[in-house]
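Student: Attaching a single structure in structure tokens format; questions to follow.
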Amino acid sequence: MIAEDLVLDGIPVTVYQKERVNPERLLFLFHGFACERKGGAAGWAEALTDLGFLVVAPEAYLHGERTPAFFAAWNNSRRQKEIMNIVIRTAREVEHLYHKYFKAKVANGSPVYSFGVSMGAAIALYLTSTMKEAKTAVSIVGSPSFCAFYECKQQMYGFTADEYFRINLESYRAEDPLLNWERFRGKNLFMSGGTEDTIVPPVYAEELAAKLRGENVVFRYYEIGHAATPKMTEDCLNFLREELANDLAGNGK
Numbered sequence: 293m294i295a296e297d298l299v300l301d302g303i304p305v306t307v308y309q310k311e312r313v314n315p316e317r318l319l320f321l322f323h324g325f326a327c328e329r330k331g332g333a334a335g336w337a338e339a340l341t342d343l344g345f346l347v348v349a350p351e352a353y354l355h356g357e358r359t360p361a362f363f364a365a366w367n368n369s370r371r372q373k374e375i376m377n378i379v380i381r382t383a384r385e386v387e388h389l390y391h392k393y394f395k396a397k398v399a400n401g402s403p404v405y406s407f408g409v410s411m412g413a414a415i416a417l418y419l420t421s422t423m424k425e426a427k428t429a430v431s432i433v434g435s436p437s438f439c440a441f442y443e444c445k446q447q448m449y450g451f452t453a454d455e456y457f458r459i460n461l462e463s464y465r466a467e468d469p470l471l472n473w474e475r476f477r478g479k480n481l482f483m484s485g486g487t488e489d490t491i492v493p494p495v496y497a498e499e500l501a502a503k504l505r506g507e508n509v510v511f512r513y514y515e516i517g518h519a520a521t522p523k524m525t526e527d528c529l530n531f532l533r534e535e536l537a538n539d540l541a542g543n544g545k
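Quick note: the sequence shown uses this note's numbering, first residue 293, plus one each step.
Next up, the structure:
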């Protein structure tokens with residue numbers, strides 16, 4: 293596997309692909325809140341390139357090489373107050389990078405895939421709900437909810453429910469993938485949840501799957517906390533393998 297580090301418009305990304313392979317489809321890989329692009333979700337990169345994807349792993353806003361001094365100085369509770377802002381900004385940045393740098397690297401007009409873990413899963417789902425070209429998302433122990441989940445985070449981490457919190461919360465309503473679940477019609481989703489997960493309650497993913505009954509949406513529980521199991525890994529990769537095969541066959545490629 294080839295890994296290339298780039299900085300595009302101030303955003304660090306790592307691009308992965310198999311040697312001597314011309315990938316026909318693009319997949320964005322998103323890391324979690326406590327990680328950065330070269331840790332955590334990056335462990336999925338080889339399996340995803342093995343499927344045939346060009347994998348682009350961006351550094352999320354305020355994370356890794358993009359961590360400013362003020363954010364590093366905050367305690368975890370204060371940092372958690374920014375989680376949905378991080379999700380939204382990172383997804384918007386990725387859409388910009390796609391159109392400016394990556395669209396031309398794969399087959400013209402081909403659908404975009406996304407894959408994320410925890411916070412990264414929220415980014416993947418949000419991107420798929422808002423970006424026309426994004427057709428398939430895999431969410432590993434992530435939440436499609438913005439508003440209810442943000443309120444849950446406030447209770448969980450105890451950050452102040454002040455005017456800033458309320459302004460944030462109100463601004464998320466128009467963006468919330470769960471509240472605006474109709475945006476997922478015609479999209480392909482795989483979502484996993486841990487039965488013992490106390491970090492990201494799986495009820496939001498379960499609710500989205502129920503609203504999208506009849507669509508190509510899979511939600512599965514696994515007996516685990518906030519982590520992936522071998523079976524979860526196998527299932528999500530099989531889902532992507534099948535979607536990719538159908539995509540290529542349907543487009544004559």
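Cβ coordinates follow ideal geometry from the N, Cα and C atoms, glycine included.
For clarity, every value in this text was computed on a predicted model and none was experimentally measured.
Helix, strand or coil for Glu296? Go by DSSP, reduced to three states.
Tutor: Residue state, collapsed to three classes: strand.
Student: Is the separation between the beta-carbon of Met376 and that of Phe325 shorter than 8 Å?
Tutor: no
Student: Assign Gln250 to buried or exposed, taking buried as 16 or more other Cβ atoms, counted over all protein chains shown, within 10 Å of its Cβ.
Tutor: What is shown of the chain runs 293 to 545, which leaves residue 250 out entirely.
Student: Can you give me the C-alpha to C-alpha distance between Ile516 and Val386, rounded to a whole angstrom?
Tutor: Each residue's Cα considered, the two are about 30 Å apart.
Student: Run through the stretch 376 to 454 for me and flag every whole alpha helix (DSSP H) of 4 or more residues, listed as ranges in chain order.
Tutor: The stretch 376 to 454 contains these whole alpha helix (DSSP H) runs: 411 to 422 and 439 to 449.
Student: In this structure, does DSSP put Leu346 in helix, strand or coil?
Tutor: strand
Student: Using 8 Å as the threshold, is the C-beta distance between Phe345 and Leu389 below it?
Tutor: no
Student: Alpha carbons only, please: which of Val492, Arg458, Leu321 and Pro436 is nearest the one belonging to Leu471?
Tutor: Pro436
Student: Please return the same chain residues whose Cβ sits closer than 6 Å to the Cβ of Glu351, not counting the five positions on each side in sequence.
Tutor: Cβ neighbours of Glu351 beyond the five flanking positions: Pro304, Arg329, Glu357 and Arg358.
Student: Beta carbon of Cys528, beta carbon of Val430: below 8 Å?
Tutor: yes
Student: Taking only the alpha-carbon atoms, compute the straight-line gap between Arg312 and Gly331 and give it to the nearest angstrom.
Tutor: Approximately 25 Å, taken between the alpha carbons.
Student: Across which residues does DSSP place Val510 in a beta bridge pair?
Tutor: Paired residue(s): Phe482.
Student: What distance in whole Å lies between the Cβ atoms of Glu467 and Ile380, which are believed to be in contact at a cut-off of 8 Å?
Tutor: 6 Å
Student: DSSP three-state call for Phe363: helix, strand or coil?
Tutor: helix
Student: Return the CA-CA distance between Ala537 and Phe511, expressed in angstroms with no decimal places.
Tutor: Each residue's alpha carbon lies about 21 Å from the other.
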